[in-house]
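So the structure is just underneath, and the comments pick up after that.
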Amino acid sequence: MIELSEKLRIGDGVYNPLEQADEVEELYRSLASAVRQASTIQKLVTPEARRVFSGIYGHFLASASGAPSRIVLVCSASSGEGATTVAAGLAIAAAEKRTSRVLLIDGNCHSSGATDVFGVSGSKGLSDLLAGGIGTNFSFSKTMISNLTLMGTGLAPGNHMQALDPPKFRLLLDKLGGIYEFILVDGPAINAYPESLLYASQVDRVLLVIRAGVSRAPVVAKALSSLSAAGCDKVEMVLNRRTFAIPQKLYKRL
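For any residue, its number in my numbering is found by taking its place in the sequence shown, counting from 1, and adding 3.
Now the structure itself:
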């Protein structure tokens, strides 16, 4: 049996793993984040995922009446329903369909999921722009997907909601609309945080993600009611993680 002593001598120095606990923990978190990021990206670029999100993107555009929706909010009623994954997948589909540039804005400062998915955490972004700290030329991060750019949540301190007023956000969207043809905003859960309702009042359309077997009807109804009260009447819904009680091949024949 091999026993590990508390101190390990390396060369002329003494290495104490207990003194390095914080560094090891930080390294572990970074590694775990990188693994999750790689796993999510790998899933989103599989042929099956591409087919699904391309279909959602095509249906989303086809269902738009009048002027096409260029600025879209993706959110859910509650946390953990897959809104960030849908936003990232839809952004990839849009970037692959379009010849011009697509922007994904991580508007969820409570989770920063989209920022983590594309591995650009720690960069300046939305909150810094709204606080007036940096120019738009310094707020974008390239992704591994051609034509797809990410704007992170940002690093601005203080109460971000004070900087997140509708006129300022709309002005920012108008400015970004002159640079990007299609803009997606990944927002936090509607029933848990106020930001998504503000986003919803300023975008062209909202995509509400509902997780099959998890999202409860009263919870979804509350989110829809809140969106309506915020003045958003263009809401599409997508059912995430649907499963079939019988084989899908047989289900299609019914």
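Beta carbons: idealized from backbone N, C-alpha and C, even for Gly.
The model shown is predicted, which means the values in this text are computed figures rather than measured ones.
Separation of the CB atoms of residue 191 and residue 111 is rounded to 4 Å, and the pair is thereby assigned contact status at 8 Å. For residue 130, the enclosing alpha helix (DSSP H) starts and ends at 129-133. In the three-state DSSP reduction, residue 153 falls in the strand class (E or B). Judged by DSSP in its simplified three-state form, residue 73 adopts coil rather than helix or strand. In its chain, beyond the 5 residues on either side, 73, 97, 101 and 105 have a beta carbon closer than 7 Å to the beta carbon of residue 185.
Cβ neighbours of residue 233 within its own chain (closer than 6 Å, five residues either side excluded): 200, 203 and 204. Following the DSSP letters along the chain, one finds residue 119 inside the alpha helix (DSSP H) bounded by residues 116-120. Excluding five sequence positions before and after residue 79, the CB atoms of its chain that fall closer than 6 Å to its own CB belong to 86, 192 and 212, given in chain order. Per the coordinates, the alpha-carbon of residue 109 lies some 24 Å from the alpha-carbon of residue 215.
Under the DSSP assignment, residue 95 falls outside any beta strand (DSSP E), being part of the alpha helix (DSSP H) whose first and last residues are 86-100. For residue 179, the uninterrupted alpha helix (DSSP H) segment begins and ends at 169-180. Burial state of residue 54 is exposed, judged by a 10 Å Cβ sphere holding fewer than 16 other Cβ atoms. For residue 158, there is no enclosing beta strand (DSSP E), since its DSSP letter is neither H nor E.
Within the model, the alpha-carbon separation for residue 120 versus residue 47 is close to 10 Å.
Cβ-Cβ separation between residue 189 and residue 117: approximately 4 Å, consistent with a contact (criterion under 8 Å).
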